[in-house]
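Q: In the working numbering, the protein residues as written are -4 to 85.
Note that the Cβ used here is the ideal one computed from N, Cα and C, for glycine as well.
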Amino acid sequence: MAKETKCPHCGVWTTTDNNECDSCGKLLQPDRSEEIERMKNFKPLDIPLLEIPEDDPWYLKAVKHVIRTGQAIFLAIASVLVYLASGVAH
Ligand SMILES: [Zn+2]
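1. Does the distance between the C-beta of Lys(-2) and the nearest non-hydrogen atom of ligand 1 fall short of 8 Å?
2. Measure the Cβ-Cβ separation of Met34 and Val75 and say whether it is below 9 Å.
3. Between His60, Gln24, Leu79, which lies nearest to Asp51 when the distance is taken from Cα to Cα?
4. Going by DSSP, what residues sit across from Thr10 in a beta bridge?
5. Using the Cβ count rule (16 or more neighbours within 10 Å means buried), how would you classify Leu23?
In structure tokens, the structure reads:
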């Protein structure tokens, strides 16, 4: 049974018996592992959320809440990317 692989060059899912993309003809394997390696080194989940001390003035809390919401959204997107990258790895 052939394995479906997503081409890192053109993004087309291709069924491979060899190591080449059916669509663009470039090699699938070397660049793909390189990309996974890059994703492993990129650790967005290690970024701590901004702390909001109780004794901060209200306007500072408001600003920090906005920043923290942005961080939470970024972390959510980052986890999806990490999930997709690990999915490609298998
Ligand atoms: Zn391709």
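A: Short version:
1. Numbered from its first residue, the sequence shown carries residue -2 at position 3. Answer for Lys(-2): no, Cβ out of range of ligand 1.
2. For the purposes of this step, residue 34 is taken as residue 39 along the sequence shown, with counting starting at 1. For the purposes of this step, residue 75 is taken as residue 80 along the sequence shown, with counting starting at 1. No, the Cβ-Cβ distance between Met34 and Val75 is not below 9 Å.
3. The residue labelled residue 51 in the question sits at position 56 within the sequence shown. Of His60, Gln24, Leu79, the residue nearest in Cα terms is His60.
4. Counted from its first residue, the sequence shown places residue 10 at position 15. BP columns for Thr10 point to Glu(-1).
5. For the purposes of this step, residue 23 is taken as residue 28 along the sequence shown, with counting starting at 1. That one is buried.
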